[in-house]
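Numbering (my numbering), first residue to last: 262 to 333.
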């Protein structure tokens, strides 16, 4: 947030974060996920003026996990 906030404010935008209360941690390379999220938000700030930018996080299951649940 500290990195992107000045750019959000510069164009008069509002950033909203939406995530479920039971979201679990992600185990991945922090640098890669940071870079991906930052790039998404940078693109949104470049093409939005005086608007609302929403970053929504949700859970999903991999296909293998879904199949395993059906066979048990």
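Heads up, the beta-carbon is just placed ideally off N, CA and C, and yes, glycines get one too.
Using C-beta distances below 7 Å, list every residue in its chain close to residue i, excluding the 5 sequence neighbours before and after it, in chain order.
i	result
residue 312	274
Is DSSP giving residue i helix, strand or coil here?
i	result
residue 317	strand
residue 289	coil
residue 277	strand
residue 272	coil
So, for residue i: in the same chain, excluding its five sequence neighbours on each side, which residues have a beta-carbon less than 8 Å away from its beta-carbon?
i	result
residue 271	306
Here's a check: name, in chain order, each residue in its chain whose Cβ is nearer than 6 Å to the Cβ of residue i, leaving out the five neighbours to either side.
i	result
residue 310	272
Is the beta carbon of residue i sitting closer than 7 Å to the one on residue j?
i	j	result
residue 278	residue 316	yes
residue 288	residue 318	no
Mark residue i as exposed unless 16 or more other C-beta atoms lie within 10 angstroms of its C-beta, in which case mark it buried.
i	result
residue 302	buried
residue 314	buried
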